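Below is one structure; the comments refer to it alone.
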Amino acid sequence: MDFGYTREEEDFRERLCKFLDQELTEEIARQNWEDKGVGPEAREFSRKLAANGFLGISWPKEYGGQGLSPTYDFILLDELGKRWGAHVPLDVGYTMVGHTILRRGSEEMKKEFLPKIVRGEIEFCLGYTEPNAGSDLAAMKMRAVEEGDVYIINGQKTFNTEAHYAEYHWLATRTDFDPNIPKHRGISLFIVDMDSPGITVRPLWTMSGERTNEVFYEDVRVPKNRLVGEKNKGFYYMMEAIDSERNHVFTPCRLMPILNDLVRYAQETDFNGKPLALDPRVQDLLAQAAIEMEIAQVFAEHSRWMESNNIPMTYEPEVTKIFVSELEQRLVNAGMQILGLYSQLEEDSKWVPLKGRIEWYFLHSFMTTIGAGTSEVGRNVIAQRGLGLPRA
Amino acid sequence: MDFRFSDEQKMLRESARSFLETECPKTFVREMERDEKGYTPEFWRKMAGLGWMGIIFPESYGGIGGDFLDLLILLEEMGRACLPGPFFSTVVLGGLTILDAGNQSQKEEFLKRIAKGEMVLTLALTEPATTQYDPTLITVKARAEKNHYLINGTKLFVPDAHVADYLICVARTKGEFNSKSGITLFLVDAKSPEIKWELLKTVARDRQCEVIFQKVKVPQENILGRLDEGGAQIEKILQKAALAKCAEMIGGAQFVLDMCVSYAKEREQFGRPIGTFQAVQHHFANMLIDLEGGRHITYKAGWMVSKEIACTMQVAAAKAWVSEACKRVASLGHQIMAGTGYMEEHDMPLYSRRAKGAEFAFGDANYHKKLVAKEIGL
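Protein chains in written order, with this note's numbering: chain F, 577 to 968; chain E, 30 to 407.
Right, here's the structure in full:
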């Protein structure tokens, strides 16, 4: 057993930290984390990350990467997370879509997209969920019909969060309409230019002020060479990517700034002439959070280690996902309790503590146990794939 | 980063499991719960024959030169088997303390005999008034006379004192209550007539004692480690003991999970196995999360201990988490086993009773949360 990092990995981390401390401003961090929408600052930061050799480390050299272990990518995510940065600015392409293109895309597709992803130049938006296909994703209705050398696509997606600034839609649609086949067997993946005629993007605003979108397709013509891999295999590709996606998205380090802020607040705030840090109730809440952070970190380290060593993952990233997302809720609730009446104040309000970040996180945290699969579906996966319990 | 056990470690685990399945069946465990001593010399000799008592001692002291992770693996299997007897007291509390703090002749004398299975040791630390694993709270006094010390006072929750040959008694030689300095460790002959012990009746049906020292005369050369500086020594041994207890607890919880999974696949209600129900599956997912989190953090902290990397935070996190996690696993185990598991003759109570006892051993979650609060700057 070995729970440490290599010399090279630590050197990389050191260089990276120096870079991030200089370049990652609060504005950029909030652009890429809160889905305020990636703006020009985050775009520029993305290109700088790449130019300094911090992107594409685990990607094959022929597509612009450095051919090293994914451990380096995880170090990048950890260090971004510790600085309110949570992920790389254009993270759907970088941490999710790109891996599937690499595994399943044609050579032409790899050459077209991968170098741009590695250079931090383009972003994708996931087009999976539909109004009637949430947890039961395979029930999607959106249709792509072959006609000559294009597919003609019609239908609606919802909760497509990056749709208003991504260049490309990573779209799942039904391509086999036979009602007698299992529904997950008739789905395909496409890369669609977001500026294609017939696409309409409408904003949906979340309770924490983030923008997500619904996306409508009306006779959108997509060239056949934009079909990813084989026709009707899309659902398998989505499922095969999901473990790595969880590893890349649910990084425990992104919760560290919340805990650190609360500890600092407790140290610096007096209540009745005594620092809050001496209140046993406050100590208990924050110590519990710190303990769970340790557990979250070692869960993440375990599933990342599996991924980095090509050990087949079955339920492990699901454990990390559930644990990190639920920890976020517990941590933020602890924070709200510690702040008491002040906890209700929003950013820019008079008297607001900690810039209103805890209040914002409280609102945001409802999403974490829903997005990318609910905790309930996740627990079914763990019981069935991890423990071999029978399906109903 | 490497989460794999080495081939030797896998072999250790497999051989321990198969030995314990044969030699330590539940009938034996139950018999030992009622037995006066709580173990048999024959069983003890067999374990010693496998090298287990000396698993972590260097070969020069009759051991097999394993490291702390090897010990954790062995303890995990022992927890799975509900191992009766004073292994933990002798090897973890006694052996490791002597290995860390003892001088050459103490190591020669004690470790070799422990490794051979010829000696039982334990640690007399906690006291009735405080019952905390905190050396600053020690009140049992050791008063210096000419060439010896006189120990006076009562220790409580001393495991296996009734069969111990030697007790490591943690006593105050200087300083006041609430001070870490002035604490000294003594190797005390447990058969001294001035020592009185009485067995307590515990939820885990393990053997814990009240031990009363009435002017027990201990020669100066029986000081273990440095005079007045035992406080730091105790903190060190408590870290290892907490992790060792975690490993044992995880072994027990894994057995519970395995047993419940097999049961839920077989047991039918409403015309189908109860394991198909989502409510039950979610219980299982929660058990797995609790258990695997506990195992990862225990081995991570254990690895840090073996590499001598500072890990106060990880050790406290491990014991705090495992204490609560294994309690939850045991509760859910009962929920899944339902009425059958509530019966005394079922295996389930063996595990839930032990999980409860172990929760408090070497600090429960509240105790360790206080340490964590200090670590994060509160």
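The C-beta atom is built at its ideal place from N, Cα and C for all residues, glycine as well.
Note that the structure is a prediction, hence the values are computed from the model and not measured.
Keeping to the same chain, check which residues put their C-beta closer than 8 Å to that of Asp754 of chain F; ignore five residues upstream and five downstream. As a position in the first sequence, residue 754 of chain F is number 178, starting the count at 1. Closer than 8 Å at Cβ, skipping near neighbours: Gly762.
Gly406 of chain E: contacting residues in chain F (beta-carbon distance under 8 Å): Within the second sequence, residue 406 of chain E is the residue found at index 377, counting from 1. In chain order: Val839, Gln843 and Ala853.
Considering only residues of the stretch 132 to 214 of chain E, which uninterrupted beta strand (DSSP E) runs meet the minimum length of 3 residues and lie entirely inside it, listed in chain order? 150 to 153, 170 to 173, 177 to 188 and 195 to 201
Check whether the Cβ of Gly962 of chain F lies closer than 7 Å to any Cβ atom in chain E. Locating residue 962 of chain F in the first sequence gives position 386, where the first residue counts as 1. Gly962 of chain F counts as touching chain E.
Starting from Ile729 of chain F, find everything on chain E with Cβ-Cβ shorter than 7 Å and list it in chain order. Within the first sequence, numbered from 1, the residue matching residue 729 of chain F stands at position 153. Correct list: empty, because the minimum Cβ distance to chain E is about 35 Å.
Just checking: is the beta-carbon of Ala276 of chain E within a distance shorter than 7 Å of some beta-carbon in chain F? Mapped onto the second sequence, residue 276 of chain E falls at position 247. Ala276 of chain E does not count as touching chain F.
Neighbour list for Glu923 of chain F in chain E, Cβ cutoff strictly below 9 Å: Indexing the first sequence from 1 puts residue 923 of chain F at position 347. Chain E residues near Glu923 of chain F: none, gap ~26 Å exceeds 9 Å.
Look at Gly674 of chain F and Ile693 of chain F and say whether their C-beta atoms are less than 7 Å apart. In the first sequence, the residue the question calls residue 674 of chain F occupies position 98. In the first sequence, the residue the question calls residue 693 of chain F occupies position 117. Yes, these two residues count as a Cβ contact at 7 Å.
Tell me whether Phe116 of chain E is buried or exposed, calling it buried when 16 or more other Cβ atoms sit within 10 Å of its Cβ. Counted from its first residue, the second sequence places residue 116 of chain E at position 87. With 16 or more Cβ atoms within 10 Å of its Cβ, Phe116 of chain E is classed as buried.
Taking the straight line between their C-alpha atoms, what separation do you get for Gly146 of chain E and Ala193 of chain E? The count along the second sequence starts at 1 and reaches residue 146 of chain E at position 117. The count along the second sequence starts at 1 and reaches residue 193 of chain E at position 164. The alpha-carbon atoms of Gly146 of chain E and Ala193 of chain E are separated by roughly 12 Å.
So, under 8 Å CB-CB, Ala347 of chain E and Leu272 of chain E are touching, yes? Tell me the CB distance rounded to an integer number of Å. Translated into the one-based positions of the second sequence, residue 347 of chain E becomes position 318. Translated into the one-based positions of the second sequence, residue 272 of chain E becomes position 243. Contact holds; Cβ gap of about 6 Å.
Nearest neighbour of Lys809 of chain F, chosen from F:Pro833, F:Arg679 and F:Ala742 [CA to CA]: As a working note, residue 809 of chain F is residue 233 in the first sequence. Looking at the Cα atoms, F:Arg679 is the closest of the given residues.
Do Ser879 of chain F and Thr896 of chain F have their C-beta atoms within less than 7 Å of each other? Translated into positions along the first sequence, residue 879 of chain F becomes position 303. Translated into positions along the first sequence, residue 896 of chain F becomes position 320. Cβ atoms of Ser879 of chain F and Thr896 of chain F: closer than 7 Å.
Strictly below 7 Å CB to CB, what residues from chain F border Glu297 of chain E? In the second sequence, residue 297 of chain E corresponds to position 268, counting from 1. Under the 7 Å cutoff, chain F gives no residues; its nearest Cβ is about 11 Å from Glu297 of chain E.
Mind checking who Cys238 of chain E pairs with in its DSSP beta bridge? Residue mapping note: residue 238 of chain E aligns to position 209 of the second sequence, counting from 1. For Cys238 of chain E, which the question treats as bridged, DSSP gives the partners E:Val187 and E:Leu228.
Look up Arg659 of chain F in the DSSP assignment and say whether it is helix, strand or coil. Walking along the first sequence from the start, residue 659 of chain F turns up at place 83. It is coil, neither helix nor strand.
Against chain E, with Cβ distances strictly below 7 Å, would Arg955 of chain F count as a contact? Taking the first sequence and counting its residues from 1, the one referred to as residue 955 of chain F is at position 379. At least one chain E Cβ lies under 7 Å of Arg955 of chain F.
Between the C-alpha atoms of Gly406 of chain E and Leu852 of chain F, what's the straight-line distance to the nearest angstrom? Here residue 406 of chain E refers to the residue found at position 377 when the second sequence is read from its first residue. Here residue 852 of chain F refers to the residue found at position 276 when the first sequence is read from its first residue. Their backbone Cα atoms lie some 12 Å apart in a straight line.
Can you list, in chain order, the residues of its chain whose CB lies under 7 Å from that of Leu228 of chain E, leaving out five sequence neighbours each side? In the second sequence, residue 228 of chain E corresponds to position 199, counting from 1. Cβ within range, chain order: His191, Arg236 and Cys238.
Answer yes or no: do Ile109 of chain E and Phe284 of chain E have a C-beta to C-beta separation smaller than 7 Å? Within the second sequence, residue 109 of chain E is the residue found at index 80, counting from 1. Within the second sequence, residue 284 of chain E is the residue found at index 255, counting from 1. Per the sequence shown, residue 109 of chain E should be read as Arg rather than Ile. Going by C-beta atoms, Arg109 of chain E is nearer than 7 Å to Phe284 of chain E.
In whole angstroms, what is the alpha-carbon distance linking Tyr90 of chain E and Pro222 of chain E? Here residue 90 of chain E is taken as the residue at index 61 of the second sequence, counted from 1. Here residue 222 of chain E is taken as the residue at index 193 of the second sequence, counted from 1. Going from the Cα of Tyr90 of chain E to the Cα of Pro222 of chain E covers about 30 Å.
Should Phe579 of chain F be flagged as near chain E, meaning a C-beta pair shorter than 7 Å? For the purposes of this step, residue 579 of chain F is identified with residue 3 of the first sequence, where counting begins at 1. Judged by the 7 Å Cβ criterion, Phe579 of chain F is in contact with chain E.
Among F:Phe847, F:Trp781 and F:Arg583, nearest to Phe735 of chain F - alpha-carbon criterion: What you label residue 735 of chain F is simply residue 159 of the first sequence in a count that begins at 1. Checked all of F:Phe847, F:Trp781 and F:Arg583; the closest Cα to Phe735 of chain F is F:Trp781.
Tell me whether Gly368 of chain E is buried or exposed, calling it buried when 16 or more other Cβ atoms sit within 10 Å of its Cβ. Position 339 of the second sequence, counted from the start, is the residue given in the question as residue 368 of chain E. The residue in question, Gly368 of chain E, is exposed, as its Cβ has fewer than 16 Cβ neighbours within 10 Å.
Output the boundary residues of the alpha helix (DSSP H) element that contains Gln268 of chain E. On the second sequence, residue 268 of chain E is found 239 positions in, with the first residue counted as 1. Note, Gln268 of chain E: alpha helix (DSSP H), Gly259 to Glu295.
Beta-carbon separation of Phe766 of chain F and Val798 of chain F under 7 Å? Walking along the first sequence from the start, residue 766 of chain F turns up at place 190. Walking along the first sequence from the start, residue 798 of chain F turns up at place 222. Closer than 7 Å, so yes.
Chain-ordered chain E contacts of Asp860 of chain F [CB-CB under 9 Å]: The count along the first sequence starts at 1 and reaches residue 860 of chain F at position 284. Ordered by position in chain E, the residues that pass the 9 Å Cβ test against Asp860 of chain F are Asn395, Lys398, Lys399 and Ala402.
Ends of the alpha helix (DSSP H) at Ser928 of chain F? The count along the first sequence starts at 1 and reaches residue 928 of chain F at position 352. The amino acid at residue 928 of chain F is misidentified as Ser; the sequence shows Val. Run containing Val928 of chain F: none; DSSP gives neither H nor E here.
Proximity test, Cβ basis, 7 Å: Ala866 of chain F and chain E: Working through the first sequence from its first residue, we reach residue 866 of chain F at position 290. By this cut-off, Ala866 of chain F is an interface position.
Can you tell which of F:Ala948, F:Ser925 and F:Ile677 has the C-alpha that lies nearest to the C-alpha of Pro893 of chain F? Residue mapping note: residue 893 of chain F aligns to position 317 of the first sequence, counting from 1. Checked all of F:Ala948, F:Ser925 and F:Ile677; the closest Cα to Pro893 of chain F is F:Ala948.
Using the three-state DSSP reduction, which class does Asp99 of chain E fall into: helix, strand or coil? Position 70 of the second sequence, counted from the start, is the residue given in the question as residue 99 of chain E. In this structure, Asp99 of chain E counts as helix in the three-state DSSP scheme.
Beta carbon of Leu125 of chain E nearer than 7 Å to that of Lys269 of chain E: Position 96 of the second sequence, counted from the first residue, corresponds to residue 125 of chain E. Position 240 of the second sequence, counted from the first residue, corresponds to residue 269 of chain E. Result yes, Cβ atoms of Leu125 of chain E and Lys269 of chain E sit closer than 7 Å.
Tell me, please, which residues DSSP counts as bridged to Val730 of chain F. Numbered from 1 along the first sequence, position 154 holds the residue referred to as residue 730 of chain F. Position check: residue 730 of chain F holds Asn in this sequence, whereas Val was assumed. Answer is F:Arg719.
Decide if Leu319 of chain E is buried, meaning its Cβ has at least 16 other Cβ atoms within 10 Å, or exposed. Locating residue 319 of chain E in the second sequence gives position 290, where the first residue counts as 1. Position check: residue 319 of chain E holds Asp in this sequence, whereas Leu was assumed. By the neighbour-count rule (16 or more Cβ atoms within 10 Å), Asp319 of chain E is buried.
For His397 of chain E and Gly67 of chain E, what's the separation of their Cα atoms in angstroms? Residue 397 of chain E sits at position 368 when you count from the first residue of the second sequence. Residue 67 of chain E sits at position 38 when you count from the first residue of the second sequence. Going from the Cα of His397 of chain E to the Cα of Gly67 of chain E covers about 30 Å.
Neighbour list for Leu98 of chain E in chain F, Cβ cutoff strictly below 9 Å: Walking along the second sequence from the start, residue 98 of chain E turns up at place 69. Within 9 Å Cβ-Cβ: Met577.
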